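Peer 1: Take a look at the following structure, please.
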Amino acid sequence: MFVDSVELTVGSGKGGAGCVSFWTEKFVIKGGPDGGDGGRGGAIFFKVDNNTDTLSALRGKRVIKAENGRPGEGRKCYGRKGKDTTIIVPPGTQIVDGESGEVLLDLLEEGEKIKFLDGGKGGLGNMHFKGPTNQRPTYAQPGLPGEMRDIRLEMKLIADVGLVGYPNVGKSTLISTLSNARPEVANYEFTTLTPKLGVVALNDYSSFMMADIPGIIEGASDGRGLGLEFLRHIERTKTLLIMVDIANYREMSYQYETLKEELKRYSSELATRPFAIAITKIDALPIEEVNEKMEEFIKSLGLEPNNNIEKFGMNFEVTSYMFKKDFGVELPDNEPQFILPISSIAQFNSKTIKFALGEFIEDMK
């Protein structure tokens, strides 16, 4: 089960109490106080583990608490320290204060282990309070209480490319074609109910991560659909691939503008992230209609294309538009790096878009 947000109350252990004890032994006339100190309470740690990709292990848990320290004993014996509790989380997890909403920790690196709450200090035994004026102290300190904190854990996927588009635009088909991810693929809207992450291999030595989230629709920022709930998973992506369905009943420019607007409403920073555009399902329309719609869409963006004829099968030609600086086109800010027509089912431009995205990511680095 995919779980990307949980609420918890975490608490460190209470320190053990100091001991009140006196050394009584045969032939020892004045043994004196020998009460030992209590042990420190256990601490709360968070550790990042790449083998964990969801917070489902924490689902249903309300309180996670470390062990209390043991009390001190006679003969100057110290109490045992309480066992620490380590909470395992996937990379990209944020620890958010439950009351203020402040981000307390942002855990990104594999193997990273951070102490979140320190255990309470153990109390001193009565052996610490003896002196010339108090040779028989009957007092020992109680242990200090541990800390309690209400927190919310939010997981945000870490990827190089985030796929953004309407439901049933072909995001799951593309990520299953290019990567090792195997999401559910079907011809109806909201097939994808949870985010998916896939590794796209460019060659034996280089690859990049691609994140697929549920489709975004009009009014997502007002609570409609599922996409807005999972937009946090592309907050960390370096680049975005906006996918526009050429065979959809919605106009291509309308899809594009709606997606950009919903991204802007969710996060002004996310709306200005470098992006490219993929025109999907070009095999569903005649070639003349595909090229006509592509040209209209390019004009609606106010761009001048460089044409590059790609061949599909034996009798299919469609115009691709590349807007890379390498092609001599200086782009203004927040314009697409490239606009590429694809068909994941027919494997048209699948390799092209894979390597184009690879170069795009390298440029961003």
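Residue numbers (our numbering): 1 to 365. Heads up, the beta-carbon is just placed ideally off N, CA and C, and yes, glycines get one too. In this text, all values refer to a predicted model and were calculated from it rather than measured experimentally.
#1: Taking 8 Å as the cut-off, decide whether the C-beta atoms of Ile342 and Ile282 are in contact.
#2: How would you label Gln255, buried or exposed, when you count the other beta carbons within 10 angstroms and need 16 or more for buried?
#3: How is Glu154 classed by DSSP in three states: helix, strand or coil?
#4: Do Thr52 and Ile88 count as a contact pair if the criterion is CB distance below 8 Å?
#5: May I ask you to report which of helix, strand or coil DSSP gives Ala211?
#6: With a threshold of 8 Å, are at least 3 pairs of Cβ atoms found where one atom belongs to the segment 136-143 and the other to the segment 7-22?
#7: Whole angstroms is fine: what's the gap from Tyr266's alpha carbon to Leu259's?
#8: For the segment 161-168 against the segment 56-75, do three or more pairs of beta-carbon atoms, one drawn from each stretch, fall closer than 8 Å, so that the two count as touching?
#9: Cα-Cα, which of Met252, Glu73, Arg59, Leu303 is closest to Gly39?
#10: How long is the line joining the alpha carbons of Ile279 and Ile114, rounded to whole angstroms?
#11: For Gln94, count the other beta carbons within 10 Å of its own beta carbon; 16 or more makes it buried, fewer makes it exposed. Which is it?
#12: Looking only at C-alpha atoms, which of Val48, Asp34, Gly42, Glu262 sits nearest to Leu124?
#13: Residue range of the beta strand (DSSP E) that Phe129 falls in?
#14: Using three-state DSSP, classify Lys30 as helix, strand or coil.
#15: Run through the DSSP bridge pairs and tell me what Gly198 is partnered with.
#16: Ordered along the chain, which non-local residues of its own chain (more than five positions away) have a Cβ less than 6 Å from that of Leu263?
#17: Mind checking whether Met127 and Lys76 have CB atoms under 8 Å apart?
#18: Please work out which residues of its chain come closer than 8 Å, Cβ to Cβ, to Ser5, disregarding the five sequence neighbours upstream and downstream, and give them in chain order.
#19: Using a threshold of 8 Å, state whether the C-beta atoms of Phe45 and Phe116 are closer than that.
#20: For the segment 348-356 against the segment 286-297, are there 3 or more C-beta pairs whose distance is under 8 Å?
#21: Can you list, in chain order, the residues of its chain whose CB lies under 6 Å from that of Leu231, leaving out five sequence neighbours each side?
#22: Going straight from the alpha carbon of Gly11 to that of Glu235, what length do you get?
#23: Tell me whether Ser350 sits in a helix, a strand or coil according to DSSP, three-state version.
#24: Taking the alpha carbon of Asn134 as the point to measure from, which residue in Glu295, Gly32, Lys26, Ile339 has its own alpha carbon closest?
#25: Judging by CA-CA distance, which residue of Leu197, Asp37, Pro274, Asp84 is the nearest neighbour of Met210?
#26: Which parts of the segment 76-151 are runs of the beta strand (DSSP E), unbroken and 3 residues or longer, counting only runs that do not cross its ends?
#27: Taking Ile298 as the reference, give the member of Glu261, Arg273, Gln337, Ser268 with the closest Cα.
Peer 2: According to the data block:
#1: By 1-based counting over the sequence shown, the position of residue 342 is 342. By 1-based counting over the sequence shown, the position of residue 282 is 282. A distance below 8 Å separates the beta carbons of Ile342 and Ile282.
#2: Reading the sequence shown from its first residue, position 255 is the one you call residue 255. That one is buried.
#3: To locate residue 154, count along the sequence shown from 1; it is residue 154. In the structure shown, the three-state DSSP call for Glu154 is strand.
#4: As a position in the sequence shown, residue 88 is number 88, starting the count at 1. As a position in the sequence shown, residue 52 is number 52, starting the count at 1. Taking 8 Å as the Cβ cut-off, Ile88 and Thr52 qualify as a contacting pair.
#5: As a first step, residue 211 must be located in the sequence shown, where it is residue number 211. Strand at Ala211.
#6: Of all C-beta pairs linking the segment 136-143 to the segment 7-22, three or more are shorter than 8 Å, placing the two stretches in contact.
#7: Start at 1 with the first residue of the sequence shown, and residue 266 comes out as number 266. Start at 1 with the first residue of the sequence shown, and residue 259 comes out as number 259. Near 11 Å, if we compare the C-alpha coordinates of Leu259 and Tyr266.
#8: Touching, no.
#9: As a first step, residue 39 is located in the sequence shown; it is residue number 39 there, counting from the start. Considering only alpha carbons, the answer is Glu73.
#10: In the sequence shown, the residue the question calls residue 279 occupies position 279. In the sequence shown, the residue the question calls residue 114 occupies position 114. Roughly 44 Å separates the two Cα atoms.
#11: Start at 1 with the first residue of the sequence shown, and residue 94 comes out as number 94. By the neighbour-count rule (16 or more Cβ atoms within 10 Å), Gln94 is buried.
#12: The sequence position of residue 124 within the sequence shown is 124, counting from 1. Measuring from the Cα of Leu124, the nearest candidate turns out to be Asp34.
#13: Locating residue 129 in the sequence shown gives position 129, where the first residue counts as 1. Unbroken run through Phe129: none, as it is neither H nor E.
#14: In the sequence shown, the residue the question calls residue 30 occupies position 30. Coil at Lys30, not helix or strand.
#15: For the purposes of this step, residue 198 is taken as the residue at position 198 of the sequence shown. For Gly198, which the question treats as bridged, DSSP gives the partners Met210.
#16: As a first step, residue 263 must be located in the sequence shown, where it is residue number 263. The answer, listed in chain order, is Leu270, Ala271.
#17: As a working note, residue 127 is residue 127 in the sequence shown. As a working note, residue 76 is residue 76 in the sequence shown. Taking C-beta atoms as the reference points, Met127 and Lys76 count as a pair closer than 8 Å.
#18: Position 5 of the sequence shown, counting from 1, holds the residue named residue 5. Close CB contacts of Ser5 within its chain, under the 8 Å cut and outside five residues either way in sequence, are with Leu55, Arg152, Leu153, Glu154, Met155 (chain order).
#19: By one-based count along the sequence shown, residue 45 stands at place 45. By one-based count along the sequence shown, residue 116 stands at place 116. Yes; because the gap between Cβ atoms is below 8 Å, this pair is in contact.
#20: Verdict: no, contact absent.
#21: Numbered from 1 along the sequence shown, position 231 holds the residue referred to as residue 231. Once the five neighbours on either side are set aside, the close Cβ partners of Leu231 are Tyr266.
#22: As a working mapping, residue 11 is identified with position 11 in the sequence shown. As a working mapping, residue 235 is identified with position 235 in the sequence shown. Put simply, the backbone Cα of Gly11 is about 30 Å away from that of Glu235.
#23: As a working mapping, residue 350 is identified with position 350 in the sequence shown. Here Ser350 sits in helix by DSSP.
#24: Mapped onto the sequence shown, residue 134 falls at position 134. Nearest of Glu295, Gly32, Lys26, Ile339 to Asn134, Cα basis: Gly32.
#25: Within the sequence shown, the letter at position 210 stands for residue 210. For Met210, the closest alpha carbon among the candidates Leu197, Asp37, Pro274, Asp84 is that of Leu197.
#26: Taken in chain order, the unbroken stretches of beta strand (DSSP E) that lie wholly in the segment 76-151 and span 3 residues or more are 85-89, 93-97, 103-107, 113-117.
#27: Here residue 298 is taken as the residue at index 298 of the sequence shown, counted from 1. Out of Glu261, Arg273, Gln337, Ser268, Gln337 has the C-alpha closest to the C-alpha of Ile298.
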